[in-house]
Amino acid sequence: AQTVTQSQPEMSVQEAETVTLSCTYDTSENNYYLFWYKQPPSRQMILVIRQEAYKQQNAMENRFSVNFQKAAKSFSLKISDSQLGDTAMYFCAFTARGNMLTFGGGTRLMVKP
Amino acid sequence: GAVVSQHPSRVICKSGTSVKIECRSLDFQATTMFWYRQFPKQSLMLMATSNEGSKATYEQGVEKDKFLINHASLTLSTLTVTSAHPEDSSFYICSAATSRVSDSNQPQHFGDGTRLSIL
Numbered sequence: 204a205q206t207v208t209q210s211q212p213e214m215s216v217q218e219a220e221t222v223t224l225s226c227t228y229d230t231s232e233n234n235y236y237l238f239w240y241k242q243p244p245s246r247q248m249i250l251v252i253r254q255e256a257y258k259q260q261n262a263m264e265n266r267f268s269v270n271f272q273k274a275a276k277s278f279s280l281k282i283s284d285s286q287l288g289d290t291a292m293y294f295c296a297f298t299a300r301g302n303m304l305t306f307g308g309g310t311r312l313m314v315k316p
Numbered sequence: 004g005a006v007v008s009q010h011p012s013r014v015i016c017k018s019g020t021s022v023k024i025e026c027r028s029l030d031f032q033a034t035t036m037f038w039y040r041q042f043p044k045q046s047l048m049l050m051a052t053s054n055e056g057s058k059a060t061y062e063q064g065v066e067k068d069k070f071l072i073n074h075a076s077l078t079l080s081t082l083t084v085t086s087a088h089p090e091d092s093s094f095y096i097c098s099a100a101t102s103r104v105s106d107s108n109q110p111q112h113f114g115d116g117t118r119l120s121i122l
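Protein chains in written order, with the working numbering: chain A, 204 to 316; chain B, 4 to 122.
If you want it as structure tokens, here you go:
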């Protein structure tokens, strides 16, 4: 069974600064996908970024980038130039087979003005 | 594309009543739909997986007679909370799977959730 661990229940960052959210996972699979989802106070689940395990290059979407370390089974999310609208719960998620997602426990991020 | 509509967004009802939540894929066919429950400040907890035309698969600890799931078509799944009690109050989220994760940018497309409050 796969497990996803987010060791930081809560984090805060000053507006315009950079913050990194941690995620580790455990799996025996070789081919899989990793995701970061954002859940703002509205409770919508929004896909932030995705990474295919077979790709060595780290994914990047505008201010969001990941540091994917396959050997270490680590998948951290870096948010650059933090904005007030980045305040949300962030969930790391994993899938290997079909469409089943395994979620981490979440990190509550507060961006302070 | 890949829009999932969940209705209602909020419901308040008396203890003992049954509540139905609908999850519709608006612009795609979903062979698989998922139902999650989320407590405040916690992660999503998978309740069950439903495949069109077959019985839902429930996660351990989820009462199938309490949470009835129907997936009668490729675009609609419903969750009925039967004889609801205050402890059933929670945020419920559905999602729909379009195809293999390799063919889509994400494996599941989420509805906006339903806040259920049982008085």
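Each residue gets a CB set at the ideal place from its N, CA and C atoms; glycine is no exception.
query	result
Neighbour list for Asn-302 (chain A) in chain B, Cβ cutoff strictly below 7 Å	Thr-35, Ala-100, Val-104, Pro-110 and Gln-111
Residue-level contact to chain B via CB, Thr-253 (chain A), 8 Å cutoff	Note that residue 253 (chain A) is Arg in the sequence shown here, rather than Thr. Chain B, which has a Cβ nearer than 8 Å to the Cβ of Arg-253 (chain A), makes this yes.
Glu-2 (chain B) (DSSP reduced to helix, strand or coil)	This structure does not reach residue 2 (chain B), given that chain B is present from 4 up to 122, and the question cannot be answered.
Length of the line joining the Cα atoms of Phe-294 (chain A) and Ser-86 (chain B)	32 Å
Amino acids of chain A, ordered along the chain, whose beta-carbon sits closer than 7 Å to that of Lys-44 (chain B)	Arg-311
8 Å Cβ cutoff, Met-248 (chain A) in contact with chain B	yes
Contact set between Ile-96 (chain B) and chain A, taken where Cβ atoms lie within less than 9 Å	Arg-246 and Met-248
Assigned exposure category for His-3 (chain B) - 16 Cβ within 10 Å defines buried	In this structure chain B extends from 4 to 122, so residue 3 (chain B) is not present and cannot be described.
Amino acids of chain B, ordered along the chain, whose beta-carbon sits closer than 7 Å to that of Phe-278 (chain A)	Simply none; closest approach about 15 Å.
Test: Asp-91 (chain B) CB closer than 8 Å to a CB of chain A	no
Residue of B:Ser-92, B:Ser-98 and B:Pro-110 minimising C-alpha distance to Ile-121 (chain B)	B:Ser-92
Top-ranked residue by Cα proximity to Val-216 (chain A), from A:Glu-255, A:Asp-289 and A:Thr-298	A:Asp-289
Cβ contact check for the region 233-248 of chain A and the region 293-313 of chain A: 3 or more pairs under 8 Å	yes
Own chain partners of Ala-262 (chain A) with C-beta closer than 6 Å, once the 5 adjacent residues on each side are dropped	Ile-252, Gln-254 and Val-269
Residue-level contact to chain B via CB, Phe-297 (chain A), 8 Å cutoff	no
Thr-223 (chain A) versus A:Ser-277, A:Lys-273, A:Thr-305 and A:Ser-245, residue with shortest Cα-Cα distance	A:Ser-277
Minimum Cβ-Cβ distance from Phe-294 (chain A) to chain B less than 8 Å	yes
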